[in-house]
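Data first, discussion second: the structure below is written as C-alpha cells.
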Amino acid sequence: MSAPLLFAAPELPLGTSGKYVAAAYIVVLALILAYVAIMAVRAQRLERELDELRRDVEAARASDDDRETESVL
Amino acid sequence: MPSTTYGKGLRGLALATLITFSAALVLVFFYAPLDQTQGFVQKIFYVHVPLAIVSLCGFVFGGLLAIGYLRTGDRKWDMRSYVAIHMGLIFGIGGLITGSIWAKASWGHWWVWNEPTLVSFLIVLLLFATYQPLRFSIEDPERQSRYASVFAIVAGAFVPLNYIAVQAATAYVHPRVLTLSSANLPPSMGLTFAVSLVAFALLYVTLWKYEMAAKNARSQVRRLRRTLLGDDLARPAGRSAAPL
Numbered sequence: 039m040s041a042p043l044l045f046a047a048p049e050l051p052l053g054t055s056g057k058y059v060a061a062a063y064i065v066v067l068a069l070i071l072a073y074v075a076i077m078a079v080r081a082q083r084l085e086r087e088l089d090e091l092r093r094d095v096e097a098a099r100a101s102d103d104d105r106e107t108e109s110v111l
Numbered sequence: 092m093p094s095t096t097y098g099k100g101l102r103g104l105a106l107a108t109l110i111t112f113s114a115a116l117v118l119v120f121f122y123a124p125l126d127q128t129q130g131f132v133q134k135i136f137y138v139h140v141p142l143a144i145v146s147l148c149g150f151v152f153g154g155l156l157a158i159g160y161l162r163t164g165d166r167k168w169d170m171r172s173y174v175a176i177h178m179g180l181i182f183g184i185g186g187l188i189t190g191s192i193w194a195k196a197s198w199g200h201w202w203v204w205n206e207p208t209l210v211s212f213l214i215v216l217l218l219f220a221t222y223q224p225l226r227f228s229i230e231d232p233e234r235q236s237r238y239a240s241v242f243a244i245v246a247g248a249f250v251p252l253n254y255i256a257v258q259a260a261t262a263y264v265h266p267r268v269l270t271l272s273s274a275n276l277p278p279s280m281g282l283t284f285a286v287s288l289v290a291f292a293l294l295y296v297t298l299w300k301y302e303m304a305a306k307n308a309r310s311q312v313r314r315l316r317r318t319l320l321g322d323d324l325a326r327p328a329g330r331s332a333a334p335l
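Residue numbers (my numbering), protein chains in the order written: chain L, 39 to 111; chain H, 92 to 335.
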C-alpha cells in the first residue's frame with residue numbers, strides 16, 4: 039500500500055547535502071537501536087536472575103520439606 | 092511497600108510514539124518546504140532541535156523528581172530522577188552529534204568553539220555526564236541518593252539559567268528560529284517541527300517508562316531474593332551506578 043505513495047511522492051532534492059541529512063537521521067536511528075539492544079540484554083539478564091531465584095526458592099523449599107519429613111520420622 | 096507498575100500503558104505509549112514519528116518523517120520529507128537559504132540540509136533541524144529541547148527538559152525533569160526524593164526520602168523518586176537524567180544524556184548526545192553534522196554541512200566545520208549556544212549545550216551535557224560518576228563514587232545507598240538528588244536539583248536549575256544567559260548575550264549570533272516570545276517559522280515548517288517535537292517527547296516518555304519498568308522489575312527480583320532466601324548479597328554482578 040505504501041509503495042504507490044512513495045512512487046507518487048516528489049523526488050527529494052538530495053544534492054550534496056543529502057549525505058549529511060541521511061547521516062543525522064541514521065545517528066538518531068542508531069542511538070535508539072543501541073538503546074533497545076542494551077535494554078534487551080538487560081531483560082535477558084533479568085530473566086536469568088528470575089530463573090535463578092525460582093531454582094533457589096525451589097531448592098530451599100525442598101530442603102525444608104526434607105527437614106520436616108526427618109523430624110516427623 | 093506497594094509496588095508501582097511502570098509497564099502500565101507502555102504499549103499504547105509506544106504505539107503513539109511510532110505513529111507520531113511516522114507522521115513527523117512524512118511531514119519533514121514530503122510536506123515542509125525547503126529552506127530558502129540552507130536548502131535540504133535544514134531537514135536536520137527537525138531532529139536536532141527536538142533532541143536538544145527534550146534533552147534539556149529531561150534534565151530539568153530529573154531535578155524536579157529529585158526534589159521528590161529529598162521531600163519524601165522514598166528511593167523510587169531517586170530512581171525516577173536517575174532514569175530521567177540518563178535519558179536526557181542519551182538525547183543530548185543525539186542532539187550534539189546531529190548538531191555537529193548540521194554544522195559541518197552548513198558552516199564547513201564539525202564544531203565551532205566561538206558559538207555560545209553550542210558550547211553552552213556542551214557544558215550542560217558535560218555537567219550532567221558527571222552525575223553517574225558521582226553516584227558511582229559513593230558506596231552508601233542513602234548518601235548516594237541524597238548527594239545525587241542535590242546535584243540533580245542544582246544542575247537542573249542551571250539549565251534554564253544557562254539558556255536565558257546565552258540568549259541574552261548572543262541575540263545576534265546563533266540563528267534564532269525559535270524564541271520564547273515567537274516562532275519565526277512559516278506555518279508548514281512550524282507544524283512539522285511541532286509534530287517532531289511531540290514525537291521526540293513521546294519517545295523520551297516511552298523510553299523513560301520502559302527503563303523504569305525494567306529497573307523496577309529488577310529491584311523487585313532482588314527484594315524477593317532477600318525476603319525469600321535472606322540473601323544480603325542480592326546486588327548485581329559487577330558494580331552499577333543505578334539505584335536499586
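Backbone N, C-alpha and C fix where the C-beta goes; we use that ideal spot for every residue, glycine too.
Bear in mind that the values here come from a model prediction, so they are computed numbers and not experimental data.
With distances taken from CA atoms, which of the options is nearest residue i?
i: R237(H); options: V119(H), Y173(H), Y122(H), S211(H); result: Y173(H)
i: Q82(L); options: P278(H), I181(H), A305(H), L320(H); result: A305(H)
i: T96(H); options: V312(H), P278(H), L218(H), K300(H); result: K300(H)
i: S134(H); options: L69(L), E106(L), A60(L), R86(L); result: Per the sequence shown, residue 134(H) should be read as Lys rather than Ser. When only C-alpha atoms are compared, the closest one is A60(L).
i: I158(H); options: A248(H), L116(H), T128(H), S310(H); result: A248(H)
i: N205(H); options: V257(H), R162(H), I184(H); result: V257(H)
i: G185(H); options: T107(L), K57(L), T54(L), A62(L); result: A62(L)
i: L109(H); options: K167(H), N307(H), A292(H), T318(H); result: A292(H)
i: L101(H); options: T128(H), L125(H), V296(H); result: V296(H)
i: L276(H); options: V117(H), A107(H), F136(H), F121(H); result: F136(H)
i: G103(H); options: S279(H), Q311(H), L294(H), D231(H); result: L294(H)
i: A220(H); options: L180(H), N253(H), Y254(H); result: L180(H)
Please report the straight-line C-alpha distance between residue i and residue j, rounded to a whole angstrom.
i: F212(H); j: R316(H); result: 43 Å
i: G329(H); j: L142(H); result: Its pLDDT being 45, under 50, G329(H) is placed unreliably in this model, and the value from its coordinates should be taken loosely. Roughly 31 Å separates the two Cα atoms.
i: D169(H); j: M178(H); result: 14 Å
i: T208(H); j: K99(H); result: 38 Å
i: R234(H); j: V241(H); result: 11 Å
i: R93(L); j: G321(H); result: 15 Å
i: L67(L); j: T189(H); result: 11 Å
i: A194(H); j: S113(H); result: 26 Å
i: A285(H); j: I76(L); result: 29 Å
i: S228(H); j: A239(H); result: 11 Å
i: G152(L); j: V140(H); result: No statement about residue 152(L) is possible, as the shown extent of chain L runs from 39 to 111 and does not include it.
i: L225(H); j: Y160(H); result: 17 Å
i: F182(H); j: L69(L); result: 9 Å
i: G153(H); j: R171(H); result: 7 Å
i: R166(H); j: L298(H); result: 20 Å
i: P251(H); j: L187(H); result: 18 Å
i: A97(L); j: R314(H); result: 18 Å
i: W198(H); j: Q129(H); result: 10 Å
i: Q127(H); j: R162(H); result: 51 Å
i: V210(H); j: L125(H); result: 28 Å
i: T107(L); j: R99(L); result: 12 Å
i: S101(L); j: S109(L); result: 12 Å
Given a cut-off of 8 Å on the beta-carbon distance, is the pair residue i and residue j in contact?
i: F150(H); j: I192(H); result: no
i: L282(H); j: I144(H); result: no
i: V215(H); j: L147(H); result: yes
i: L218(H); j: A243(H); result: no
i: A420(H); j: A115(H); result: Chain H is shown from 92 up to 335; residue 420(H) falls before or after that span and cannot be answered.
i: A196(H); j: Y58(L); result: yes
i: A308(H); j: L84(L); result: yes
So is residue i buried or exposed if we call it buried at 16+ other beta carbons inside 10 Å?
i: G164(H); result: exposed
i: I64(L); result: exposed
i: V132(H); result: buried
i: L271(H); result: For L271(H), the predicted structure reports a pLDDT of 49, less than 50, and the residue's modelled location is therefore unreliable. A value from the coordinates is still provided. Counting Cβ neighbours within 10 Å, L271(H) comes out exposed, since fewer than 16 surround it.
i: T111(H); result: buried
i: V119(H); result: buried
i: V79(L); result: exposed
i: L71(L); result: exposed
i: E87(L); result: buried
i: E302(H); result: buried
i: A123(H); result: buried
i: L319(H); result: exposed
Beta-carbon of residue i versus every beta-carbon of chain B: anything under 8 Å?
i: L156(H); result: You won't find chain B in this structure, because its protein chains are L and H.
Any alpha helix (DSSP H) of 4 or more consecutive residues that is wholly inside the segment 187-247 of chain H: 207-220, 222-227
Threshold first: 4 residues or longer. Then list the alpha helix (DSSP H) segments lying entirely within the segment 95-183 of chain H, N to C. 101-121, 136-163
Entirely enclosed alpha helix (DSSP H) segments - the segment 275-321 of chain H, minimum 4 residues: 278-320
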